[in-house]
Structure formats: C-alpha cells, structure tokens
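Position in the sequence shown (from 1) plus 131 gives the number in the working numbering.
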Amino acid sequence: MLQLVNLFLVIFGVIAAGSGLVWWRSQPTLALLLLVFGLALIALAYFSDRGRERRAEQRKRAAIQQRIDEFARRPAGSSQTLQVHGGLRYVLAGLSLTLLGVAVVIMASADVRHDVIPLMLGVLLVPTGLLFLLRALAGVGQPALELDGVGFATPLTGRIPWREVSGICLRTVTQRNGSESFFLMFRVQRFARVAPRIHWSDRLLAVFHLGALARGVVNVSLPSKKDPPAAVYALARQLWKQSTGNDYEWSPLQSDAYNEAMKRAGALAARLDEPGAMEATLAHPEQMEQAMAQMSADMALIAAEHRRQAKKQRWMLALFLPLIVLLMAWPWIMRLWAR
Numbered sequence: 132m133l134q135l136v137n138l139f140l141v142i143f144g145v146i147a148a149g150s151g152l153v154w155w156r157s158q159p160t161l162a163l164l165l166l167v168f169g170l171a172l173i174a175l176a177y178f179s180d181r182g183r184e185r186r187a188e189q190r191k192r193a194a195i196q197q198r199i200d201e202f203a204r205r206p207a208g209s210s211q212t213l214q215v216h217g218g219l220r221y222v223l224a225g226l227s228l229t230l231l232g233v234a235v236v237i238m239a240s241a242d243v244r245h246d247v248i249p250l251m252l253g254v255l256l257v258p259t260g261l262l263f264l265l266r267a268l269a270g271v272g273q274p275a276l277e278l279d280g281v282g283f284a285t286p287l288t289g290r291i292p293w294r295e296v297s298g299i300c301l302r303t304v305t306q307r308n309g310s311e312s313f314f315l316m317f318r319v320q321r322f323a324r325v326a327p328r329i330h331w332s333d334r335l336l337a338v339f340h341l342g343a344l345a346r347g348v349v350n351v352s353l354p355s356k357k358d359p360p361a362a363v364y365a366l367a368r369q370l371w372k373q374s375t376g377n378d379y380e381w382s383p384l385q386s387d388a389y390n391e392a393m394k395r396a397g398a399l400a401a402r403l404d405e406p407g408a409m410e411a412t413l414a415h416p417e418q419m420e421q422a423m424a425q426m427s428a429d430m431a432l433i434a435a436e437h438r439r440q441a442k443k444q445r446w447m448l449a450l451f452l453p454l455i456v457l458l459m460a461w462p463w464i465m466r467l468w469a470r
C-alpha cells in the first residue's frame, strides 16, 4: 500500500513540476510554487520509499535471526532437523513446459510454410520438460532439503555428510518482473562415491557434462514462503562449521583453484585478526614470509581468473549476438529465399 502511495506522489510531483516549468514565463510566482511543491512531493516519495525498504530489510533480517535462534534452541539429537518442502510447483512447471513443447510441435507441423525454427524449439522443449517433470516427481511427498548435524539430504541424492562438502553458496536469480528464485548449492567433489543414490537423470545429464554427477555441485531450489532462503543458507553454514570447522565463501561460478585461493586468503586474514597475531609474526618471520608469498601467488591467480572470466564473457557475447540477429532476421531471409 505504501509503495502505491509513493508512486502516486511521484506522479503528482512530476505533473506539478512540469506545470511549473510550462507556466514559468506567464506566471512565475505560481510556477515557482508548483515547481517547489512538485519537487517536495518527489523528495517525500523518495525518502518514504527508502524508509519502507529499510524497514522491510530489518523485518527480513529479524525473521532470519528468529529462525536461526529457533533451530539453535532445539535439543541435540535426531530431532534437530530442518526440513524444507518444495511443494508441487516444479511438477506443474515441468508439465507446463512439456505441454507447451507438444503444442509448438503440433502447430509447426501443421504450418504450410514448414518453418524449421518453431519445430526445433518444440523438439527441444518436450524432452527438457519431461526431464524436469520426472525429476520433480521423484521428490513428491518428500522434503526438497533436509539439514541436520550429520549432513544434508535431497530426494535425488540421499544424505551426504558434511565432511564431504567443500563449499556452500546461496544463488539468487532475479526475473524481469522483480521476483526472485533462490538456489542453495553444495560443492561435493566426490559426489559419485559418497552419494547414497544417484538419480538416472543425473547420469543422463553427466553425458552432457551437466548435473551433480558431472560437476560435483548439488543444486537445491528453495521456496521462500515459510523459511527465508537466507536463513536456510545460514543454518547450512552453521551446521557445516560445527561439523567440520570450515567457514569460508565459495562461488560455483569460479574454478576450484580460485576457490582454494580465496579460502587460503580468508584463513590468513582471520589468523592475522586473532589476538597475539603480531607477536607470533615477529617471533616467526620466516613463516609470515612464506604466508605472504602464498598470498601474492593467490592474488595473482584470482586476478588471472577474473581476466579469464571477462574474456569468456566477451567470447559468449561475440557468439550470441550474430545468432540473435539471425533469429530476428530469419522471417525476412525465408521470404527472400521463397522468391
């Protein structure tokens, strides 16, 4: 409601300020009043919206902390488990994608022009939707994610102990309409050995170097209704730290060498922040010299990784731009070909 009020304030402010500019020469006094009034309305809407966002962020942080405190107060043992339920949304999404692909194939087949692109699109959508649907059906009636002191579990992988996890990351994907999707990602390098069960779809995806079996990353989609995704991520990091002592940032978009370098850099920074670190450094200068040499090598590796990522993005852009232009120009190309 407050967001709608702020929107109206901005609209009225723009109208008032615009009217002031229009009447500036004919009625300068009235124009000045309208201009000041319009700018005041816009400023009021701006600060009101900033306050609304700040209060929403405070409520979000309070909800996350409350959920963490509730979990921490649970008695130790098997009952100390967080279950995240995903519902049927992914079943419906997979079914919708499959039906859409079938509809596109039927329409493309019935088209007298025999356009190839819609037919290819439909042929791609049908198996993709079926794969998505069958993976979602495998988890019906089960929690999408379970977290406890032993490890984490999903319907497709079973329970994996924390000692086999070498990184945890919460990834947020924002759609064009402003809605957000959250994915909790676990780095499990020895997934093929430690996973109690491997779904057939993961074996199929591994052929194309995709999925948990090929990449060693378990990806879990998190709903944002009951448990805030940030709270689930914080609880996973807390349980991982309690079980293994590990507590560092990990990025699934970067290489293992990059993440190891970031891990070492974070560990060195934490060690230097400890009480008595300076005295220990002065007592053992050779160890600090080795640590700083390793830090320099890690910083060089991180910089090289950033350059590699930037180069990769440029190549991807150079590859996809001609394809986009070709797709947009395809109807005209077909018309010219028909002539």
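We put the CB at the ideal spot given by N, CA and C, even for glycine. Given the structure is predicted, the values throughout are model-derived calculations rather than measurements.
Exercise. Mind checking A428: buried by the 16 CB within 10 Å criterion, or exposed?
Worked result: The residue given as residue 428 occupies position 297 in the sequence shown. So A428 ends up on the exposed side.
Exercise. In the DSSP assignment, what residue or residues form a beta bridge with P453?
Worked result: Position 322 of the sequence shown holds residue 453. P453 pairs with nothing; no bridge assigned.
Problem set entry | Where the beta strand (DSSP E) containing F339 begins and where it ends | To locate residue 339, count along the sequence shown from 1; it is residue 208. Here F339 belongs to no beta strand (DSSP E), and DSSP marks it neither H nor E.
For this session: Kindly indicate which residue of L140, H437, P292 and R466 has the alpha-carbon position closest to the one of Q373.
Result: The count along the sequence shown starts at 1 and reaches residue 373 at position 242. Comparing C-alpha distances from Q373 to each of L140, H437, P292 and R466 shows the shortest one belongs to P292.
Exercise. Is Q273 helix, strand or coil when you go by DSSP?
Worked result: Translated into positions along the sequence shown, residue 273 becomes position 142. Collapsing the DSSP output to three states places Q273 in coil.
Exercise. What number of angstroms, rounded off, separates the C-alpha of F143 from the C-alpha of L152?
Worked result: The sequence position of residue 143 within the sequence shown is 12, counting from 1. The sequence position of residue 152 within the sequence shown is 21, counting from 1. If I take the Cα positions, the gap works out to 14 Å.
Exercise. Ordered along the chain, which non-local residues of its own chain (more than five positions away) have a Cβ less than 7 Å from that of S209?
Worked result: Locating residue 209 in the sequence shown gives position 78, where the first residue counts as 1. Note that S209 scores 46 on pLDDT, short of 50, meaning its location in the model is unreliable; the coordinates nonetheless yield the value given after this. Cβ within range, chain order: n/a, list empty.
Problem set entry | DSSP three-state assignment for S209, whether helix, strand or coil | Residue 209 sits at position 78 when you count from the first residue of the sequence shown. Because S209 carries a pLDDT of 46, less than 50, the predicted location of this residue cannot be relied on, and the following value inherits that uncertainty. Reduced to three states, the DSSP call for S209 is coil.
For this session: Please name the residue or residues paired with N350 in a DSSP beta bridge.
Result: Looking up residue 350 in the sequence shown gives position 219. DSSP, once it has assigned bridges, lists M316 as partnering N350.
For this session: Work out the CA separation of V319 and N390 for me, nearest whole Å.
Result: The residue given as residue 390 occupies position 259 in the sequence shown. The residue given as residue 319 occupies position 188 in the sequence shown. C-alpha separation (whole angstroms): 14 Å.
For this session: Report the rounded CA-to-CA distance for R307 versus R220, giving the unit in angstroms.
Result: Within the sequence shown, residue 307 is the residue found at index 176, counting from 1. Within the sequence shown, residue 220 is the residue found at index 89, counting from 1. R307 and R220: Cα-Cα distance of roughly 20 Å.
Exercise. Ordered along the chain, which non-local residues of its own chain (more than five positions away) have a Cβ less than 6 Å from that of A367?
Worked result: Taking the sequence shown and counting its residues from 1, one reaches residue 367 at position 236. These residues qualify, in order along the chain: L278 and I299.
Exercise. Alpha carbon to alpha carbon, how far is S352 from F313?
Worked result: Mapped onto the sequence shown, residue 352 falls at position 221. Mapped onto the sequence shown, residue 313 falls at position 182. When only Cα atoms are considered, S352 and F313 end up about 6 Å apart.
Exercise. If you draw a straight line from the alpha carbon of A234 to that of L135, how long is it in whole angstroms?
Worked result: Taking the sequence shown and counting its residues from 1, one reaches residue 234 at position 103. Taking the sequence shown and counting its residues from 1, one reaches residue 135 at position 4. For A234 and L135, the gap between their C-alpha atoms comes out near 39 Å.
Exercise. CA-CA distance, A148 and A194?
Worked result: Against the sequence shown, residue 148 aligns to sequence position 17. Against the sequence shown, residue 194 aligns to sequence position 63. Roughly 41 Å separates the two Cα atoms.
For this session: Just grab the DSSP bridge partners of G282 for me.
Result: In the sequence shown, residue 282 corresponds to position 151, counting from 1. P292, per the DSSP bridge assignment.
Exercise. Would L262 pass as a contact of H330 if the rule is Cβ separation under 7 Å?
Worked result: Position 131 of the sequence shown, counted from the first residue, corresponds to residue 262. Position 199 of the sequence shown, counted from the first residue, corresponds to residue 330. The criterion of a C-beta distance shorter than 7 Å is not satisfied by L262 and H330.
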